[in-house]
Amino acid sequence: MKRIVLFLILSAFFINNDLKAQEVLDGMFIKETNPTRRVVPYTHIREADVMFYKRVWRVIDLREKINHPLYFPTQEISEIGYNRQSLFHVLKKGIEEGSIQAYEEQADGGQFKVPLTKTAAMDKLSEERTGTDIDPETGLEIQTSYTIDVNAGDVKEYWIKEDWVFDRERSVMEVRIIGMLPIIEKVNAETGQTKREGLFWIYFPEARYVLANQEVYNPNNDGERLTFEDYFRKRIFSSYIFRETNVYDNRVLEKYVKGVDRQLEASRIEEEIINFEHDQWQF
1 MKRIVLFLIL SAFFINNDLK AQEVLDGMFI KETNPTRRVV PYTHIREADV MFYKRVWRVI
61 DLREKINHPL YFPTQEISEI GYNRQSLFHV LKKGIEEGSI QAYEEQADGG QFKVPLTKTA
121 AMDKLSEERT GTDIDPETGL EIQTSYTIDV NAGDVKEYWI KEDWVFDRER SVMEVRIIGM
181 LPIIEKVNAE TGQTKREGLF WIYFPEARYV LANQEVYNPN NDGERLTFED YFRKRIFSSY
241 IFRETNVYDN RVLEKYVKGV DRQLEASRIE EEIINFEHDQ WQF
């Protein structure tokens, strides 16, 4: 009986010490603003006030330095008073919790027609592969299967679908992101060739409520952290256009222009949108 009592006392002592160790604040203050942030509401736009409308698709290349806050950290950092996640971690956690709905990636450019269940969406984050191994008993080759999980480091790009609208009621050109598609580089086990593959579409207006409560790294000031929603709303990221609405089935640029000409065509489309707003004013 005495041994049991002594064991319980020692267990309570060590548990208490562990809790105290976990409660140590690694910093000078606890960041409480961003986890309770509210989403900035969109301004209502009437169809009658839409003087100009254009839909484009963009590529956010995470290899560009300005886009690194969306890519890093590849491993989640979670400490008391300090929490950092990549955009992929935030989206994945939102899908797991049920606060973000994922949609099937199709050739229609993201029409959000086929919603994915939580299980189906998570299945897209892993891949079953087959290979050969040596049986330690017989020394013969045997077929084996293994699973490869998609992690934050595998996402190299994000494709976004956005609408540009000139609201004549307010005399402003406004842009809103409609959808977001994480892109991974997938290697063909047989040929060794690499191709880009989309995971699933995310309806951005819905995801804003999750992105608004998770901060993104600010390289200029650690004390003034932005949220992912701020990052996209203020358009701090770098991107280029790869598709637009046109008479030719909304075809992508690389189908009719290549190399440098594709970049020039993307710049022309972007300049066309900007010039429309400028042409409404007299200076």
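First residue of the sequence shown: 1, per my numbering; consecutive thereafter.
Even glycine gets a Cβ: it sits at the ideal position worked out from N, Cα and C.
Open item on the list: Please report the straight-line C-alpha distance between S239 and E265, rounded to a whole angstrom.
Closed with: 14 Å
TODO: Could you check the C-alpha separation between R208 and W57 for me, to the nearest Å?
DONE: 19 Å
- [ ] Report buried or exposed for W281, applying the criterion of at least 16 other Cβ atoms within 10 angstroms of its Cβ.
- [x] exposed
Open item on the list: So D167 and Y53 are supposed to be a Cβ contact under 8 Å. How far apart are they, rounded?
Closed with: Wrong, their Cβ atoms sit about 10 Å apart, outside the cutoff.
Task: alpha helix (DSSP H) runs contained entirely in the region 41-109, provided each spans 4 or more residues - done: 68-71, 87-97
Task: C-alpha distance - Y256 paired with I241, whole-angstrom precision - done: 14 Å
TODO: Tell me whether Y231 sits in a helix, a strand or coil according to DSSP, three-state version.
DONE: helix
Open item on the list: E105 and L211 - do their beta-carbons sit closer together than 9 Å?
Closed with: no
Open item on the list: I'd like to know if the region 169-176 and the region 34-46 are in contact, where contact means that at least 3 CB-CB pairs between them fall below 8 Å.
Closed with: yes
- [ ] Could you tell me the distance, in whole angstroms, from the CA atom of G192 to the CA atom of I148?
- [x] 16 Å
Task: Rounded separation between G27 and Q111 - CA only - done: 45 Å
Open item on the list: Once DSSP output is grouped into helix, strand and coil, what is the label at A21?
Closed with: Note on A21: pLDDT 47, under 50, position unreliable in the model; the coordinate value appears next. Residue state, collapsed to three classes: helix.
TODO: Specify, as a first and last residue, the run of the beta strand (DSSP E) that E190 falls within.
DONE: Counting along the chain, E190 falls outside any beta strand (DSSP E), and DSSP gives it neither H nor E.
TODO: Might you give, ordered along the chain, the residues of its own chain that have their beta carbon closer than 8 Å to the beta carbon of I134, omitting 5 neighbours on each side?
DONE: L140, E141, I142
Task: Inter-residue spacing [alpha-carbon to alpha-carbon] between Y146 and F204 - done: 33 Å
Open item on the list: Going by beta-carbon coordinates alone, are I183 and K161 separated by less than 9 Å?
Closed with: no
TODO: Tell me whether Y103 is buried or exposed, calling it buried when 16 or more other Cβ atoms sit within 10 Å of its Cβ.
DONE: buried
TODO: Can you grab the Cα-Cα spacing for the pair V59 / P136, in whole Å?
DONE: 48 Å
Task: Buried or exposed (CB count within 10 angstroms, at least 16 for buried), G98 - done: exposed
Task: Proximity winner among T36, K31, R55, relative to V247 (alpha-carbon distances) - done: R55
- [ ] Would you kindly work out how many angstroms separate the C-alpha atoms of R243 and Y158, rounded to a whole number?
- [x] 14 Å
TODO: Please name the residue in I269, N218, E270, E224 whose C-alpha comes closest to that of K306.
DONE: The chain is shown only over 1 to 283; residue 306 falls outside these bounds and no answer can be derived.
Task: Backbone secondary structure at V260 - three-state DSSP - done: helix
Task: Spatial distance of E300 from E197 (CA atoms) - done: What is shown of the chain runs 1 to 283, which leaves residue 300 out entirely.
TODO: Starting from the C-beta of N250, find all residues in its chain whose C-beta is less than 6 Å away, skip the five residues before and the five after it, and write them out in chain order.
DONE: none
Task: As assigned by DSSP and simplified to three states, the class of E32 - done: coil
- [ ] Assign T286 to one of three DSSP states: helix, strand, or coil.
- [x] It is not possible to answer for residue 286, since the shown part of the chain is limited to 1 through 283.
TODO: Compute the Euclidean distance between the alpha carbons of G259 and S267, then round it to the nearest angstrom.
DONE: 13 Å
- [ ] Under the assumption that I100 contacts L91 (Cβ atoms under 8 Å), give the Cβ distance between them as a whole number of angstroms.
- [x] 6 Å
- [ ] Taking only the alpha-carbon atoms, compute the straight-line gap between E126 and I95 and give it to the nearest angstrom.
- [x] Here the sequence assigns Ser to residue 126, which means Glu is not the residue at that position. Going by the C-alpha atoms only, they are around 15 Å apart.
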